[in-house]
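Sequences listed follow chains A and B, in order.
Going by our numbering, the final residue of the first sequence carries number 311, and the count climbs one at a time with no gaps.
Going by our numbering, the final residue of the second sequence carries number 239, and the count climbs one at a time with no gaps.
Quick notes on the structure that follows.
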Amino acid sequence: MIASAEPVIRVNQVSRWFGSVVAVSEVSFDITPGITGLLGPNGAGKTTLLRMMTGLAATSRGNVTIFGEPVRDNPSLYRRIGVMSEHETVYEFMKGRDFVTMMGRLRGVENLERAVDRAIALVDLADAQDRRMDTYSRGMRQRMRLAATLVHDPQILILDEPLNGADPRQRVHFKRLLQELASHGRTIVLSSHILEEVEQLADTVLLIVNGKLAAAGGFRAIRAALNERPYHVRVTCDAPRRLASALLGLSSVDAVHVDPDGALVVLSRNVLDLQIELPRLAQTSDISLRRIEPLDDSLESVFGYLVEQ
Amino acid sequence: MGSVYRLTLRQLAGKWRLSIMTVLATLPVIIALLMLRSDSAPSVTEFETTVLSAMLAGSIAPLVVLAIAAAAFGNEVEDRTLANLTLTPIPRWQIALPKLLATITIATPFIAVSAFLTSYIAFVGDLRATLAVTVSAIVGVALYASAFVWLGLVASQAIGLALLYVVLWEGFFSGFAEGVRLLSIRHYAIGIMHAIDPRRFADITHLSPPVAMVMTAVVLGGFLIATIRRLRQMDVP
Chain A
3 MIASAEPVIR
13 VNQVSRWFGS
23 VVAVSEVSFD
33 ITPGITGLLG
43 PNGAGKTTLL
53 RMMTGLAATS
63 RGNVTIFGEP
73 VRDNPSLYRR
83 IGVMSEHETV
93 YEFMKGRDFV
103 TMMGRLRGVE
113 NLERAVDRAI
123 ALVDLADAQD
133 RRMDTYSRGM
143 RQRMRLAATL
153 VHDPQILILD
163 EPLNGADPRQ
173 RVHFKRLLQE
183 LASHGRTIVL
193 SSHILEEVEQ
203 LADTVLLIVN
213 GKLAAAGGFR
223 AIRAALNERP
233 YHVRVTCDAP
243 RRLASALLGL
253 SSVDAVHVDP
263 DGALVVLSRN
273 VLDLQIELPR
283 LAQTSDISLR
293 RIEPLDDSLE
303 SVFGYLVEQ
Chain B
3 MGSVYRLTLR
13 QLAGKWRLSI
23 MTVLATLPVI
33 IALLMLRSDS
43 APSVTEFETT
53 VLSAMLAGSI
63 APLVVLAIAA
73 AAFGNEVEDR
83 TLANLTLTPI
93 PRWQIALPKL
103 LATITIATPF
113 IAVSAFLTSY
123 IAFVGDLRAT
133 LAVTVSAIVG
143 VALYASAFVW
153 LGLVASQAIG
163 LALLYVVLWE
173 GFFSGFAEGV
183 RLLSIRHYAI
193 GIMHAIDPRR
203 FADITHLSPP
213 VAMVMTAVVL
223 GGFLIATIRR
233 LRQMDVP
């Protein structure tokens with residue numbers, strides 16, 4: 003990514019390997035204020051990369067700087083950074099408020115009580131703040147952890163799979179909160195393996211596949227690249243051979259294959275048009291469609307395609 | 003530092019852990035009582051060798067400390083809560099030192115009371131000897147704590163490794179090899195016990211008190227520095 007403003011976080015030629023396994027390979031990018039999504043399938047290296055960006059793990063090669071300072075072994079930087087890992091790192095014997103208070107105290111927050119009130123109000127957990135955290139649901143723990151991450155009002159937020167365990171209402175609340183923080187000039191980096199999650203939140207996307215930076219930029223450009231990829235769609239109907247010959251007349255269809263079980267496998271490079279044309283074609287040909295399913299719509303296959311480009 | 007200290011106290015003061023420590027700490031007292039009530043009461047030297055040196059200093063104290071110290075960092079590494087502390091702007095020594103102090107705070111009452119009662123019973127109220135045993139036991143607690151807190155941070159099998167160390171090094175080799183005594187926490191504690199009451203413990207083989215004191219400072223400081231260095235360099239899970 004070529005940043006127009008001065009980068010807040012700079013990842014420079016970073017690699018990390020564990021024995022012979024390369025988890026992250028020569029990744030470079032700059033991050034500026036706003037929301038940046040780190041997107042990639044499970045095992046792509048997102049968490050390893052985030053851990054190096056937060057100083058929790060060392061790089062095997064390359065370096066990470068935040069505000070121009072090396073992040074590793076530089077505790078004073080954590081006054082300006084809030085990190086929430088993907089694990090439920092809470093002390094179950096503690097009350098929610100005590101946890102947030104302790105984290106605020108460790109970060110040297112002034113007007114601690116007020117800061118704790120504000121952080122807990124931000125995650126909408128004031129009613130449950132005096133309960134022990136072992137009585138919380140997973141979503142509540144995530145929110146109280148977010149309150150502890152926000153208590154010192156950090157300029158940078160680094161969040162690893164922050165929406166894990168959140169119910170739909172909490173997701174909406176969480177997204178609004180992050181957007182509000184970003185609108186006040188915060189730099190937010192969040193990782194996810196869910197395309198739609200990042201699409202709704204991030205201004206900029208960093209696509210990580212097999213430990214490498216596969217793509218970077220605005221979400222629309224990446225989405226457009228995804229829409230141009232060839233899709234396999236499996237279609238089950240009551241007249242497969244008739245539908246197959248009709249489908250070959252469509253400009254959105256590249257090829258049609260009839261499976262031994264009678265289902266059609268359609269190859270299309272313009273899946274958006276196919277979505278519109280297929281039902282219309284079936285209706286005009288008096289064919290009943292029973293089932294339509296994309297065969298390679300998993301995130302892994304999407305990422306695989308982008309890596310090949 | 004107070005926050006980390008209080009947090010660690012709360013983490014380490016589990017019911018099961020405290021129960022095990024109570025049982026272990028009670029053992030030397032019971033054995034001292036049984037030995038005194040027996041018809042063939044042991045000599046003071048036999049008592050010192052069996053109960054004080056081998057049992058209290060060589061087994062009970064390290065085991066009690068191990069039950070606490072290995073968990074000071076070990077549990078936080080295992081449940082990944084250590085990142086809560088390392089992702090804060092406090093210097094790493096302000097994490098390592100309160101962890102060590104909290105470990106000593108919890109272990110000391112058990113061992114100190116056990117050592118006090120055992121020696122008070124055995125030495126029939128000789129306060130100087132009792133004080134010597136109690137102080138040396140506290141020194142032993144601090145030394146074992148510094149070693150095992152460090153071990154809990156560097157090794158995932160800290161308890162197994164520490165048990166091997168206690169049994170083989172402290173319990174076996176240091177008992178007969180002259181050079182090994184210089185690297186034995188048990189013998190530093192015995193050396194300090196001798197320094198406080200040389201009359202009562204004249205017959206026990208021991209390091210000279212100055213050597214014991216210097217080595218105590220070196221081991222305590224050395225393991226604390228090693229723990230701080232490890233915290234700075236490790237990949238925190």
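Idealized CB from N, CA, C, for every residue including glycine.
Just to confirm my understanding: we take A:ILE294, look at its own chain, exclude 5 residues before and 5 after, and list those with CB closer than 6 Å. What are they?
VAL237
Going by beta-carbon coordinates alone, are B:ILE106 and B:ALA144 separated by less than 7 Å?
yes
So, at 8 Å on beta carbons, what are the nonlocal neighbours of B:GLY173 in its own chain, with the 5 sequence-adjacent residues on each side left out?
ALA56, GLY60, SER61
I'd like the ranges of any alpha helix (DSSP H) spanning at least 4 consecutive residues and lying wholly in the region 33-79 of chain A.
48-56
Would you list the residues sitting across from B:VAL6 in a DSSP beta bridge?
Bridge partners of B:VAL6: none, in fact.
With 7 Å set as the bound, which would you pick, yes or no: does the beta-carbon of B:PRO212 sit closer than that to a beta-carbon of chain A?
no
DSSP-derived helix/strand/coil call for A:THR91:
coil
Return the chain-ordered list of same chain residues with a C-beta closer than 7 Å to the C-beta of B:ALA63, the five sequence neighbours on each side being excluded.
ILE113, ALA139, GLY142, VAL143, TYR146
Is A:PRO72 close to chain B? Criterion is C-beta to C-beta, closer than 7 Å.
no
Buried or exposed (CB count within 10 angstroms, at least 16 for buried), B:VAL169
exposed
At a CB-CB cut-off below 8 Å, which residues of chain A make contact with B:ARG231?
Chain A residues near B:ARG231: none, gap ~10 Å exceeds 8 Å.
Skipping 5 residues on each side, what residues in its chain have a beta carbon closer than 8 Å to that of B:LEU233?
THR88, ARG94, ILE97, ALA98, LEU155
Using DSSP's beta-bridge definition, name the partner residues of A:TRP19.
A:VAL24
Does the beta carbon of A:ILE4 sit closer than 7 Å to a beta carbon anywhere in chain B?
Model confidence at A:ILE4 stands at a pLDDT of 42, short of 50, so the residue's coordinates are unreliable; what they give is reported in the following sentence. Taking Cβ atoms only, chain B never reaches closer than 7 Å to A:ILE4, which makes this a no.
Proximal residues, the region 13-41 of chain A versus chain B, C-beta separation under 9 Å:
none
Distance check for A:VAL207 and A:ARG231, CA to CA, integer angstroms please.
19 Å
According to DSSP, simplified to helix, strand and coil, what is A:PHE31?
strand
From this set, A:LEU280, A:CYS239, A:ASP263, A:ASP261, which residue's C-alpha is nearest A:LEU250's C-alpha?
A:LEU280
Which whole-angstrom value describes the C-beta separation of B:ARG82 and B:PRO239, a residue pair presumed to lie in contact below a C-beta threshold of 8 Å?
5 Å
For A:TYR233, the three-state DSSP class (helix, strand or coil):
strand
Do you know how far the Cα of A:ALA217 is from the Cα of A:ALA248?
37 Å
Which two residues bound the contiguous alpha helix (DSSP H) that contains A:GLY220?
Run containing A:GLY220: none in the alpha helix (DSSP H); it sits in the beta strand (DSSP E), 214-220.
In whole angstroms, what separates the C-alpha of A:MET3 from that of A:PRO156?
Bear in mind that a pLDDT of 43 at A:MET3, under 50, signals an unreliable position, so the model cannot answer this.
Does A:THR91 get closer than 7 Å to chain B when you measure Cβ to Cβ?
yes
Three-state secondary structure assigned by DSSP to A:LEU296
The residue asked about is misnamed: residue 296 of chain A is Pro in this sequence, not Leu. In the structure shown, A:PRO296 sits in a strand (DSSP, three-state: E or B).
Determine, using beta carbons only, whether A:SER287 and A:LYS48 come nearer to each other than 7 Å.
no
Excluding the 5 residues flanking A:ALA5 on each side, which residues of the same chain have their C-beta closer than 7 Å to its C-beta?
At A:ALA5, the pLDDT of 44 sits below 50, so the modelled position is not reliable; the number obtained from the coordinates is stated separately. For A:ALA5, where only same-chain residues beyond five positions count, the Cβ hits under 7 Å are ASP32, THR34.
So, helix, strand or coil for A:HIS259, using DSSP?
strand
Selected residue, minimal CA-CA separation from A:ARG178, among A:VAL268, A:ASP126, A:ASN272:
A:ASP126
Mind checking which residues open and close the alpha helix (DSSP H) that includes A:ASP275?
273-286
For B:VAL31, count the other beta carbons within 10 Å of its own beta carbon; 16 or more makes it buried, fewer makes it exposed. Which is it?
buried
The region 93-111 of chain B: which residues have C-beta closer than 8 Å to a C-beta of chain A, in chain order?
PRO93, ARG94
Could one say the Cβ of B:THR90 lies closer than 7 Å to chain A's Cβ atoms, at least one of them?
yes
Give a yes or no on whether the minimum CB-CB distance between A:PRO164 and chain D is below 7 Å.
Checking the listed chains, one finds no chain D in this structure; the protein chains it contains are A and B.
Going straight from the alpha carbon of A:ARG82 to that of A:ASP136, what length do you get?
29 Å
Starting from B:ILE113 and walking both ways along the alpha helix (DSSP H), at which residues does that stretch end?
95-124
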